[in-house]
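**Q** Got a structure for you, written out below as C-alpha cells; questions coming shortly.
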Amino acid sequence: MTLINNLPKNSIEGLPLLVATPDSWAEAAIEDIGELLADHAHCEMKAAATGFRLLGSYPDRDDLVEAMASLVREEMRHFERVRELLLERGLKLGKPRPDRYVKRLLSESHRGSNPGLQLIEKLIVCAFVEARSCERFRVLARAKLPESLAQFYAELALAEDRHHETFLDLARLYSEDDIEERIARVSKIEADIIQSLPPLSAIH
Ligand SMILES: [Fe+2]
Ligand SMILES: [Fe+2]
191 MTLINNLPKN SIEGLPLLVA TPDSWAEAAI EDIGELLADH AHCEMKAAAT
241 GFRLLGSYPD RDDLVEAMAS LVREEMRHFE RVRELLLERG LKLGKPRPDR
291 YVKRLLSESH RGSNPGLQLI EKLIVCAFVE ARSCERFRVL ARAKLPESLA
341 QFYAELALAE DRHHETFLDL ARLYSEDDIE ERIARVSKIE ADIIQSLPPL
391 SAIH
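First residue of the sequence shown? That's 191 in this note's numbering, and the numbers climb one at a time after it.
Rendered as C-alpha cells:
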C-alpha cells in the first residue's frame with residue numbers, strides 16, 4: 191500500500207493552520223525540482239539548527255533538552271536524505287535562499303520585549319513553521335512528481351505530523367499564562383503571510 195493513502199485528504203487536518211496552501215504553490219514548487227530540493231535540504235538543516243540553538247540557550251529545561259536532542263537528530267537525518275536526492279540528480283546544495291516566510295512570521299508575531307515571553311514566542315513560531323512544512327509535504331506527496339519523490343514526501347509528512355505539537359506542548363509547559371489566544375493570533379498572522387507570498391520552487 192502506498193503511504194500517500196495514509197495522509198489526510200484535507201492538507202491542514204490535525205494541524206493548527208487556518209488556511210490550506212493555495213493550488214498555485216504546488217505548480218510553482220515542482221517547476222524546478224532541483225531548486226525545491228535544495229531549499230528543502232536547507233529547511234531541514236535550519237530546523238536542526240533551531241533545535242540546537244534552543245538546547246544551548248535553555249540547558250536547564252529538561253523537557254526542552256530531551257525534545258530538542260531527539261528533534262535535532264531527526265531533522266539532520268531528513269537533511270541527509272534530501273541532500274542524497276540532490277546528489278543523485280547531479281545537483282549541489284548551494285547557499286540558502288532567504289526564507290521570507292520565517293522572517294515575516296518572526297517579525298510580525300513578535301510582541302514587545304518581555305524576556306520571559308521570548309522563549310514562548312519562539313516555540314510558537316517554531317510550531318507554525320513545523321505545521322506548515324508538514325502541510326506542504328502532504329501537498330507535495332499528491333503533486334505531479336516522480337513516484338519515488340511523491341512517496342518520499344508522504345513518508346516525511348507522516349514523520350513531521352507531530353513536530354508542531356512538540357513545540358506547542360513546550361510553550362504551554364513553560365508559560366505561566368494561558369497562551370491559547372497568543373497561538374490563535376499567530377495562526378492568523380501565519381495565514382495572512384502564506385496567502386500573500388508569491389509561490390516559488392521552495393518549501394515556503
Ligand atoms: Fe524534518
Ligand atoms: Fe520537523
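Yeah, the Cβ is synthetic: ideal placement off N, Cα and C, and Gly gets one too. Note that the coordinates shown come from a computational prediction; the quantities given were computed from them, not determined experimentally.
Distance, Cα to Cα, D253 vs L360?
**A** Spanning the two alpha carbons is a distance of roughly 7 Å.
**Q** Tell me whether the beta-carbon of A331 lies closer than 8 Å to the beta-carbon of A321.
**A** Contact flag unset, no.
**Q** Please look up how many angstroms separate the CB atoms of V319 and A216, rounded, as I've assumed it's under 8 Å.
**A** Contact flag wrong, Cβ pair sits at about 19 Å.
**Q** What does the Cβ neighbour count give for T192, buried or exposed, with the cut at 16 atoms within 10 Å?
**A** By the neighbour-count rule (16 or more Cβ atoms within 10 Å), T192 is not buried but exposed.
**Q** Mark E311 as exposed unless 16 or more other C-beta atoms lie within 10 angstroms of its C-beta, in which case mark it buried.
**A** It is buried - the Cβ of E311 has at least 16 other Cβ atoms within 10 Å.
**Q** Between the alpha carbons of R243 and V272, how many angstroms are there, rounded?
**A** So the alpha carbons of these two residues sit roughly 22 Å apart.
**Q** May I ask which residues mark the beginning and end of the alpha helix (DSSP H) holding I379?
**A** It spans 370–386 - the alpha helix (DSSP H) in which I379 sits, taken as one unbroken run.
**Q** Alpha carbon to alpha carbon, how far is E298 from I194?
**A** So the two alpha carbons sit approximately 34 Å from each other.
**Q** Can you tell which of S201, I223, E278 has its C-alpha closest to the C-alpha of L390?
**A** When each option's Cα is compared against that of L390, the closest is I223.
**Q** Under the rule that 16 or more other beta-carbon atoms within 10 Å means buried, what is E221, buried or exposed?
**A** Under this definition E221 is an exposed residue.
**Q** Leaving out five residues before and five after I379 in sequence, what residues of the same chain have Cβ atoms less than 8 Å from its Cβ?
**A** Here the set comprises L295, E298, S299.
**Q** Which word fits L363, buried or exposed, when buried means at least 16 other C-beta atoms lie within 10 angstroms of its C-beta?
**A** It counts as exposed.
**Q** Return the first residue and the last residue of the alpha helix (DSSP H) that R354 is part of.
**A** The question names Arg, but residue 354 is His in the sequence shown. Run containing H354: 353–364, per the alpha helix (DSSP H) assignment.
**Q** If we ignore side chains and look at the alpha-carbon of each, how far apart do C233 and L346 end up?
**A** Cα-Cα distance, rounded: 13 Å.
**Q** Does DSSP put K312 in a helix, a strand or coil?
**A** Of the three classes helix, strand and coil, the one that applies to K312 here is helix, per DSSP.
**Q** Taking V262 as the reference, which of L276, L245, E278 has the closest Cα?
**A** The candidate whose alpha carbon is nearest that of V262 is L245.
**Q** At which residues does the alpha helix (DSSP H) containing Y248 begin and terminate?
**A** Y248 -> no alpha helix (DSSP H), and no H or E assigned at all.
**Q** Sorted by chain position, which residues of the same chain lie with C-beta nearer than 8 Å to A340's C-beta, five sequence neighbours on each side aside?
**A** Hits under 8 Å: I194, L330, A331, R332, A333.
**Q** Identify which residue in H353, R372, E225 has its Cα closest to the Cα of K140.
**A** An answer regarding residue 140 cannot be provided, because it is not within the stretch 191 to 394 covered by the chain.
**Q** Nearest CA to the CA of A210: which residue from A392, S386, A381?
**A** Among A392, S386, A381, the Cα nearest to that of A210 belongs to A381.
**Q** Could you name the residues of the same chain whose beta carbon sits closer than 8 Å to that of L281, not counting the 5 residues immediately before and after it, in chain order?
**A** Hits under 8 Å: G224, L227, A228.
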